[in-house]
Amino acid sequence: MSTAVATLEGPGGPALPPGPSRRRRRVKEAALAYLLVLPAMAAFGVFVFYPFVNNFRLALYQSPPVPGLPSHYVGLHQVGQVLFSNGYGFPGSLLTTIAFVVMVVPLSIFFGLALAVAAHRRLRGIGVYRTIFSSTVVSSVAVAALVFGTLMNPVVGFLPWLGINPHPPLLESPTWALPSIAVMTIWQFLGLSFIIMSAGLQSLPDEVLEAARIDGASSWTRFWRVTVPMLSPTIFFAVVVGTIYAFQSFGQIDILIGYANNPARLHVNVLVYNIINTLTQENNTGVAAIMSIALFLVTLLLTLLQLRFLERRVHYAR
Amino acid sequence: MPVDVAVGTARGPEPGPDASRTKARRNRRLHLVGAYTVLTVAAVVIVLPLYITVVNSLLEEGQIAQQPPPFFPIHPQWHNYSTAWNQGHLGFYLRNSLIMTAAIVAAQLVTSILAGYAFAFLRFPFRNTLFVVCLATLMIPFEVTFITNLSTITSLGWFNTYAGLAVPFLATGFGIFLLRQAFLQIPKDLQEASMLDGYGHWRFMTRVAVPMARPSIAALGVFAFLAAWNQYLWPLVSTGGTTPLDTVQIGLKQLVGQQADQINVALAGAVIAFVPLVVILVIFQKQLVRSLTAGAVK
Numbered sequence: 137m138s139t140a141v142a143t144l145e146g147p148g149g150p151a152l153p154p155g156p157s158r159r160r161r162r163v164k165e166a167a168l169a170y171l172l173v174l175p176a177m178a179a180f181g182v183f184v185f186y187p188f189v190n191n192f193r194l195a196l197y198q199s200p201p202v203p204g205l206p207s208h209y210v211g212l213h214q215v216g217q218v219l220f221s222n223g224y225g226f227p228g229s230l231l232t233t234i235a236f237v238v239m240v241v242p243l244s245i246f247f248g249l250a251l252a253v254a255a256h257r258r259l260r261g262i263g264v265y266r267t268i269f270s271s272t273v274v275s276s277v278a279v280a281a282l283v284f285g286t287l288m289n290p291v292v293g294f295l296p297w298l299g300i301n302p303h304p305p306l307l308e309s310p311t312w313a314l315p316s317i318a319v320m321t322i323w324q325f326l327g328l329s330f331i332i333m334s335a336g337l338q339s340l341p342d343e344v345l346e347a348a349r350i351d352g353a354s355s356w357t358r359f360w361r362v363t364v365p366m367l368s369p370t371i372f373f374a375v376v377v378g379t380i381y382a383f384q385s386f387g388q389i390d391i392l393i394g395y396a397n398n399p400a401r402l403h404v405n406v407l408v409y410n411i412i413n414t415l416t417q418e419n420n421t422g423v424a425a426i427m428s429i430a431l432f433l434v435t436l437l438l439t440l441l442q443l444r445f446l447e448r449r450v451h452y453a454r
Numbered sequence: 464m465p466v467d468v469a470v471g472t473a474r475g476p477e478p479g480p481d482a483s484r485t486k487a488r489r490n491r492r493l494h495l496v497g498a499y500t501v502l503t504v505a506a507v508v509i510v511l512p513l514y515i516t517v518v519n520s521l522l523e524e525g526q527i528a529q530q531p532p533p534f535f536p537i538h539p540q541w542h543n544y545s546t547a548w549n550q551g552h553l554g555f556y557l558r559n560s561l562i563m564t565a566a567i568v569a570a571q572l573v574t575s576i577l578a579g580y581a582f583a584f585l586r587f588p589f590r591n592t593l594f595v596v597c598l599a600t601l602m603i604p605f606e607v608t609f610i611t612n613l614s615t616i617t618s619l620g621w622f623n624t625y626a627g628l629a630v631p632f633l634a635t636g637f638g639i640f641l642l643r644q645a646f647l648q649i650p651k652d653l654q655e656a657s658m659l660d661g662y663g664h665w666r667f668m669t670r671v672a673v674p675m676a677r678p679s680i681a682a683l684g685v686f687a688f689l690a691a692w693n694q695y696l697w698p699l700v701s702t703g704g705t706t707p708l709d710t711v712q713i714g715l716k717q718l719v720g721q722q723a724d725q726i727n728v729a730l731a732g733a734v735i736a737f738v739p740l741v742v743i744l745v746i747f748q749k750q751l752v753r754s755l756t757a758g759a760v761k
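In order, the protein sequence lines correspond to chains A and B.
First residue of the first sequence? That's 137 in our numbering, and the numbers climb one at a time after it.
First residue of the second sequence? That's 464 in our numbering, and the numbers climb one at a time after it.
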């Protein structure tokens, strides 16, 4: 391969002298390459890989009861305590997070897909609709939290007008706080879900749906029997991305539920919320590190699932 | 020609096909009305929360708890916005957000272009290994690394500074991946021709490669802007001094906390924080979609 390239370049180029000069050029090229990658690699080293590895070290040390004192080595003892006993709330917050993911991900993907199918038409003004359907993707958690916090407010919102007056209010109720946060999060995810599903739909060959239409399949049948199966790789991608995002949810809970004296606080103690409280309120770095490793493992598992699935799909396609 | 004639006879005076055609046309119109109805209902449901927010942000303090809730601000109270801006320090928060975001976007564009170029055009030992290292960063969420990052910026003396806000996000594996892909699309002949013309790598990068990769660079820029502007976790934990350099997202939280009785002012703040993003969405929708779906469809 490389000899072929060399002979091709040979006569056309400015008469390459053989040997040392070419090697010098190759060394120069490599040096330039390392110079160009250096800024990114340095940033990754200091702010991604070092902190990542450092978590495993921190996990082995018990934080002192008072900040400032030295922490002492306890080995894996602490890891077992955090993962399997409820002292630091880890098993509970893992379950809460999973419940939250189950509430958020399927519905936001279903609605995103439904919107994408509805907007997958050549109609006048469809661009405006598509912009509106995508719009929630630019909303931050803070904006979404304020918007829905007001809607769910027991005095100000629409609930009293609709005759819904729950006691305690939604965002202070141990039962309803998590579902309420989930509703807000579904709205916020809708834009991303719509965008991903639309891109998937546009990549499908139109002929198949057209053929199903000509065969007399109703739109309901076409949706479930043709669109959904053909979109399954896109749907799977959206499930993985949505699950990873939902696992990292924190801001909306911090803003809407996180104030002192809210009785619902313990019932929305999702993983990241727990990690941050453990770190900033209790200064317990070791325990926070263990929980963040657990969060990483969940992300890793999901990513590997995704890769596995894609691989298999490629295999079948051949 | 013969086709035309055939169509002509088909369109002939026989009543049957004609009637079925008007029926088909009526059917199509009905279908169209149905489609627009579904789309409009969906659009209203999605926009309603935002519309109510804008209405509430323009109400008087006393009006906001009124039943039934007002659906239109008859006497819009624009001063809610100046209250949010001045007493809620929104101007200060917006400036912090803007400085942090600009620094992050600029840095990510530069580091991604440089590294992406190297991975696409240069040959060097460990090229593939280093590229995989870049991709590996995508598997490590920031929620996992912020614990040590917090102590890193603290020991650098950057707690509650602009440097501390921006510095963990100077490079991104996603950006490097995106730009490498874009650079690989550039025909090899073009590179060889430029080299023969005496272009060095630097000139080829700035005069040819970067201009040709503009769509992907724009997509990365919009994506980076959105991600940085909407960040919540890091600005929350990495500030917190006596006059914390809170970004607008954290500012909104403060606004809710400070003025619990003035929801209208807090909502005015939310609108102010959201408007720049709506502008970005409308102008850069194509680029945004491009970056968000970069991994979705193969």
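Even glycine gets a Cβ: it sits at the ideal position worked out from N, Cα and C.
Treat the numbers as computed from the prediction; the structure is a model and nothing was measured.
Inset, instruction - Output yes or no for whether 8 Å exceeds the beta carbon distance between Gln217 (chain A) and Gly422 (chain A). - result: no
Inset, instruction - Identify whether Tyr209 (chain A) lies in helix, strand or coil by the three-state DSSP scheme. - result: strand
Inset, instruction - Flag this pair as touching only if the segment 647-663 of chain B and the segment 620-633 of chain B have three or more C-beta atom pairs under 8 Å; answer yes or no. - result: no
Inset, instruction - Could you name the residues of the same chain whose beta carbon sits closer than 8 Å to that of Leu647 (chain B), not counting the 5 residues immediately before and after it, in chain order? - result: Ala583
Inset, instruction - Can you tell me which of the three DSSP states Gln217 (chain A) falls into? - result: helix
Legend entry - Per DSSP, cross-strand counterpart(s) of Tyr197 (chain A): A:Tyr209
Inset, instruction - Whole angstroms is fine: what's the gap from Ile509 (chain B)'s alpha carbon to Val671 (chain B)'s? - result: 43 Å
Legend entry - Arg444 (chain A) (DSSP reduced to helix, strand or coil): helix
Inset, instruction - Tell whether a beta-carbon distance below 8 Å holds between Asn693 (chain B) and Gln712 (chain B). - result: yes
Inset, instruction - Could you have a look at Pro187 (chain A) and say whether DSSP puts it in helix, strand or coil? - result: helix
Inset, instruction - Grab the span of the alpha helix (DSSP H) containing Arg162 (chain A) for me, first residue to last. - result: Pro156 to Phe180
Legend entry - Three-state secondary structure assigned by DSSP to Pro674 (chain B): helix
Legend entry - chain B contact residues for Asn190 (chain A), given Cβ-Cβ distances below 7 Å: Thr611
Inset, instruction - Return yes when the Cβ of Phe236 (chain A) is within less than 8 Å of the Cβ of Val406 (chain A), no when it is not. - result: yes
Legend entry - Whole-angstrom C-beta distance between Pro512 (chain B) and Phe284 (chain A), which should lie under 8 Å: 7 Å
Legend entry - Pick from B:Gly525, B:Trp548, B:Pro531 and B:Ala547 that is closest to His538 (chain B), judged by C-alpha positions: B:Gly525
Legend entry - Amino acids of chain A, ordered along the chain, whose beta-carbon sits closer than 8 Å to that of Val510 (chain B): Ile268 and Ser271
Inset, instruction - Note down, in chain order, all residues in the segment 306-317 of chain A with a beta-carbon under 7 Å from any beta-carbon belonging to chain B. - result: none
Inset, instruction - Measuring alpha carbon to alpha carbon, tell me which of A:Leu307, A:Val277 and A:Ser354 ends up nearest Tyr381 (chain A). - result: A:Val277
Legend entry - Alpha-carbon spacing of Phe246 (chain A) relative to Ala179 (chain A), whole angstroms: 38 Å
Inset, instruction - Determine, using beta carbons only, whether Ala424 (chain A) comes closer than 8 Å to chain B. - result: yes
Inset, instruction - Kindly give me the distance between the Cβ atoms of Ala169 (chain A) and Ala581 (chain B), rounded to whole angstroms, as I take these residues to be in contact under 8 Å. - result: 4 Å
Legend entry - Span of the alpha helix (DSSP H) around Arg401 (chain A): Premise fails: Arg401 (chain A) is in no alpha helix (DSSP H) and is neither H nor E.
Legend entry - 8 Å Cβ cutoff met for Ser428 (chain A) and Glu606 (chain B): yes
Inset, instruction - With a 10 Å radius around its C-beta and 16 neighbouring C-beta atoms as the bar for buried, classify Gly732 (chain B) as buried or exposed. - result: buried
Inset, instruction - Show which residues of chain B have a CB atom less than 7 Å away from the CB atom of Arg257 (chain A). - result: Ala498
Legend entry - Residues of the segment 171-183 of chain A with Cβ closer than 9 Å to any Cβ of chain B, in chain order: Leu171, Leu172, Val173, Leu174, Pro175, Ala176, Met177, Ala178, Ala179, Phe180, Val182 and Phe183
Inset, instruction - Determine which residues of the segment 515-538 of chain B have a Cβ less than 8 Å from any Cβ of chain A, and write them out in chain order. - result: Ile515, Thr516, Asn519, Ile527, Ala528, Gln530, Pro531 and Pro532
Inset, instruction - Let me know the secondary structure DSSP gives Pro369 (chain A) once reduced to three states. - result: helix
Legend entry - Neighbourhood of Ile322 (chain A) by C-beta distance below 6 Å, restricted to the same chain and skipping five residues each side: Val240, Leu243 and Ser244
Inset, instruction - Grab me the residues of Ala280 (chain A)'s own chain with a C-beta within less than 7 Å of its C-beta, minus the 5 sequence neighbours each way, in chain order. - result: Met320, Trp323, Gln324 and Gln388
Inset, instruction - Determine the contact status of Val518 (chain B) and Phe534 (chain B), defining contact as a CB-CB distance below 8 Å. - result: yes
Legend entry - Residue nearest to Val163 (chain A) in terms of C-alpha spacing, selected from B:Pro588, B:Gln644 and B:Pro650: B:Pro588
Inset, instruction - Would you mind telling me which residues of chain A sit closer than 9 Å to Ala565 (chain B), beta carbon to beta carbon, in chain order? - result: Per Cβ cutoff of 9 Å: no residues; Ala565 (chain B) is ~17 Å from chain A at best.
Inset, instruction - Please list the residues of the segment 733-756 of chain B that have a C-beta atom closer than 8 Å to any C-beta atom in chain A, keeping them in chain order. - result: Ala733, Ala736, Phe737, Leu740, Val741, Ile743, Leu744, Val745, Gln748, Leu751, Val752, Leu755 and Thr756
Inset, instruction - Find out if the Cβ-Cβ distance for the pair Leu553 (chain B), Gly704 (chain B) is shorter than 8 Å. - result: no
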